[in-house]
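Chemist: Below you will find the structure I want to go over with you.
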C-alpha cells in the first residue's frame, strides 16, 4: 500500500514554481533517511543517490517535479484587494470563490478570490479575465495588507483540500505532481532496502509548471544514461472528455506517454526512445502490471528537452491518470498510484550492465 498520509502531507506543503523552498527542505530531510547522499543544486533541485552494486551498470535518473501551479501578486489596491497573475497553467474559470493562501516570508495568509454576487451576476456576460480578478484577505487598506506581510511578487496557492473519495480515489490541489513525487519517494525507500544493480539518482525538480526546464541543470550534472519522469497523465474518462484525446482511464494502471507536443510558442514535446518503451512494457508484462498507452497534443513535460541535452539523454514520461488537471481538485485512483510504484521499483531492479538503448534496431 502507498502512504496516503505522506501524499496528504506533500499536497499541503506550499511549493509554487520558483518558491519551492518549503518542499526542498522537506525532501532533503526525508530523502536523507534512505539515500546514500542527498544534495541540492543551485536552483533547488534535490538529488538523492542510491549507489548500485554493479559499477558497469549505467547511471539512471528518476525525476518528479515538486512545484505546483498558482498565482503571483502583481498589485495591492488602496482598499486592500489584491490583483494577481497566473503562475503556470491555471484555468481562469476555476478561480472564482476559491480559498487560497498567500505564501509570504512571515507565513501563510488566507484569502478568497472574489466572485460577483449571484443577484447581480446577470450583468456579467462572460468570464472575467484574470487581470480583473482579485483576492480578499479581510483588510480595508494596502497598509493593512502590508502589515500582514503581503508584498508584490508573493506567490499564491490553492488552500489544501485533500480527501479520499469512496475509498478508491484521492482528490486534492497539486496532485500534479505530488503524486509523482510520492512515487519517487516510495521507490527510493523500497530500493534502499533492496539494492539495485545500477546507481539511481532520484531527483525532485523545480520550475516545471513555469518553464519545464528546471530539470536540465540536474540532468546535465548527473549525465544519466536514461531518465524516467514521473508525472500525471490527462484522464479522458469523464463525460465531457470521453470522445477527446486518448482513452486514458482511472483504475487501469500507469500511462506510458508515446507522444506529447505543445504546439504553441516554443515548440516542445517528447517522442520517447523506442527501446525504452519496449523495456518498460516488457517489465510490466513480466510482473503483470497493466499499462495504458497515451498520446497528448497541447502539453509537454520536463522530459521534453532531455533528448537534446549533452549527447542526448533518452527519456520517457510515466504518468498516473488524473482527472480535472490544473484545477483546485485533481483526482487520481489509489490503485494507479500503487501500480506505478510497483512498476518503477521493478524497472529499476531490472537495469544492469546489459541495459542498452540503441536506434536502428528492427
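Numbering (my numbering), first residue to last: 904 to 1265. For every residue, glycine included, the Cβ atom is placed at its ideal position computed from N, Cα and C. Keep in mind it's a predicted model, so treat the numbers as computed, not measured.
According to DSSP, is residue 1252 part of a helix, a strand, or is it coil?
Modeler: By one-based count along the chain shown, residue 1252 stands at place 349. Helix.
Chemist: For residue 933, collect the residues of the same chain with a Cβ closer than 8 Å to its Cβ; drop the 5 residues on either side in sequence, then sort them by chain order.
Modeler: Counted from its first residue, the chain shown places residue 933 at position 30. Counting only Cβ-Cβ distances below 8 Å, and skipping sequence neighbours, we find 1088.
Chemist: Once DSSP output is grouped into helix, strand and coil, what is the label at residue 1192?
Modeler: Numbered from its first residue, the chain shown carries residue 1192 at position 289. DSSP places residue 1192 in coil when its eight states are reduced to three.
Chemist: Would you mind giving the Cβ-Cβ distance between residue 965 and residue 1006, rounded to the nearest angstrom? I have them listed as a contact below 8 Å.
Modeler: Walking along the chain shown from the start, residue 965 turns up at place 62. Walking along the chain shown from the start, residue 1006 turns up at place 103. In this structure residue 965 is not in contact with residue 1006, their Cβ atoms being roughly 28 Å apart against a cut-off of 8 Å.
Chemist: Does residue 1034 pass the burial test, meaning 16 or more other C-beta atoms within 10 Å, or should it be called exposed?
Modeler: Reading the chain shown from its first residue, position 131 is the one you call residue 1034. With fewer than 16 other Cβ atoms within 10 Å, it is exposed.
Chemist: Using the Cα positions of residue 1120 and residue 1239, report the straight-line distance between them to the nearest angstrom.
Modeler: As a working mapping, residue 1120 is identified with position 217 in the chain shown. As a working mapping, residue 1239 is identified with position 336 in the chain shown. Distance between the alpha carbons of residue 1120 and residue 1239 is about 30 Å.
Chemist: Report back the beta-carbon spacing between residue 968 and residue 1108 to the nearest angstrom; my notes put them in contact at under 8 Å.
Modeler: If you number the chain shown from 1, residue 968 lands on position 65. If you number the chain shown from 1, residue 1108 lands on position 205. Right, their Cβ atoms sit about 5 Å apart.
Chemist: With a threshold of 7 Å between beta carbons, is residue 1016 in contact with chain B?
Modeler: Chain labels in this structure do not include chain B; a single protein chain is all it has.
Chemist: Tell me whether the beta-carbon of residue 1083 lies closer than 7 Å to the beta-carbon of residue 1134.
Modeler: Position 180 of the chain shown holds residue 1083. Position 231 of the chain shown holds residue 1134. In contact: residue 1083 and residue 1134 (Cβ atoms closer than 7 Å).
Chemist: Tell me whether the beta-carbon of residue 1157 lies closer than 7 Å to the beta-carbon of residue 1243.
Modeler: As a position in the chain shown, residue 1157 is number 254, starting the count at 1. As a position in the chain shown, residue 1243 is number 340, starting the count at 1. The answer is yes: Cβ separation under 7 Å.
Chemist: Which residues in the same chain as residue 1220 place their Cβ atom closer than 6 Å to its Cβ, once the five residues preceding and following it in sequence are excluded?
Modeler: The sequence position of residue 1220 within the chain shown is 317, counting from 1. Closer than 6 Å at Cβ, skipping near neighbours: 1132, 1134, 1160, 1204 and 1206.
Chemist: Out of curiosity, what's the CA-to-CA distance linking residue 1262 and residue 978?
Modeler: In the chain shown, residue 1262 corresponds to position 359, counting from 1. In the chain shown, residue 978 corresponds to position 75, counting from 1. If I take the Cα positions, the gap works out to 52 Å.
Chemist: Which one or two residues does DSSP pair with residue 1004 in a beta bridge?
Modeler: Translated into positions along the chain shown, residue 1004 becomes position 101. According to DSSP, residue 1004 bridges with 1013 and 1060.
Chemist: CA-CA distance, residue 1236 and residue 1046?
Modeler: As a position in the chain shown, residue 1236 is number 333, starting the count at 1. As a position in the chain shown, residue 1046 is number 143, starting the count at 1. Distance between the alpha carbons of residue 1236 and residue 1046 is about 45 Å.
Chemist: For a quick check, are the C-beta atoms of residue 1234 and residue 1074 less than 7 Å apart?
Modeler: Against the chain shown, residue 1234 aligns to sequence position 331. Against the chain shown, residue 1074 aligns to sequence position 171. Contact: yes.
Chemist: Looking at the strands, I want to know which residues DSSP matches up with residue 990.
Modeler: Looking up residue 990 in the chain shown gives position 87. For residue 990, which the question treats as bridged, DSSP gives the partners 973.
Chemist: Just to confirm the assignment, what range does the beta strand (DSSP E) spanning residue 924 have?
Modeler: Numbered from 1 along the chain shown, position 21 holds the residue referred to as residue 924. It is not in any beta strand (DSSP E) - residue 924 instead sits in the alpha helix (DSSP H) that spans 924 to 934.
Chemist: Roughly how many angstroms lie between the CA atoms of residue 1226 and residue 1066, to the nearest whole one?
Modeler: Taking the chain shown and counting its residues from 1, the one referred to as residue 1226 is at position 323. Taking the chain shown and counting its residues from 1, the one referred to as residue 1066 is at position 163. For residue 1226 and residue 1066, the distance between alpha carbons rounds to 14 Å.
Chemist: Taking residue 1072 as the reference, give the member of 1032, 1097 and 1223 with the closest Cα.
Modeler: In the chain shown, the residue the question calls residue 1072 occupies position 169. Closest by alpha carbon: 1223.
Chemist: Is the beta carbon of residue 1102 closer than 7 Å to that of residue 955?
Modeler: Your numbering for residue 955 matches position 52 in the chain shown. Your numbering for residue 1102 matches position 199 in the chain shown. In contact: residue 955 and residue 1102 (Cβ atoms closer than 7 Å).
Chemist: Looking at the unbroken alpha helix (DSSP H) that takes in residue 1226, where does it start and where does it end?
Modeler: In the chain shown, the residue the question calls residue 1226 occupies position 323. First-last for residue 1226: 1218 to 1226, but that is the beta strand (DSSP E), not the alpha helix (DSSP H).
Chemist: Would residue 1186 and residue 1253 qualify as a contact pair, given that the criterion is a beta-carbon distance under 7 Å?
Modeler: Within the chain shown, residue 1186 is the residue found at index 283, counting from 1. Within the chain shown, residue 1253 is the residue found at index 350, counting from 1. Yes.
Chemist: With DSSP as the reference, label residue 1039 as helix, strand or coil.
Modeler: Here residue 1039 is taken as the residue at index 136 of the chain shown, counted from 1. In the structure shown, residue 1039 sits in a strand (DSSP, three-state: E or B).
Chemist: Can you give me the Cβ contacts of residue 901 inside the same chain, cut-off strictly under 8 Å, excluding the 5 residues immediately before and after it?
Modeler: There is simply no residue 901 to check, as the chain begins at 904 and stops at 1265 in what is shown.
Chemist: Which value, in whole angstroms, describes the spacing of the CA atoms of residue 1014 and residue 1264?
Modeler: Looking up residue 1014 in the chain shown gives position 111. Looking up residue 1264 in the chain shown gives position 361. If I take the Cα positions, the gap works out to 57 Å.
Chemist: Taking a contact to mean a Cβ-Cβ separation below 7 Å, would you say residue 948 touches residue 1106 in this structure?
Modeler: The sequence position of residue 948 within the chain shown is 45, counting from 1. The sequence position of residue 1106 within the chain shown is 203, counting from 1. Yes; because the gap between Cβ atoms is below 7 Å, this pair is in contact.
Chemist: Could you name the residues of the same chain whose beta carbon sits closer than 8 Å to that of residue 1193, not counting the 5 residues immediately before and after it, in chain order?
Modeler: Reading the chain shown from its first residue, position 290 is the one you call residue 1193. 1155, 1156, 1187 and 1242.
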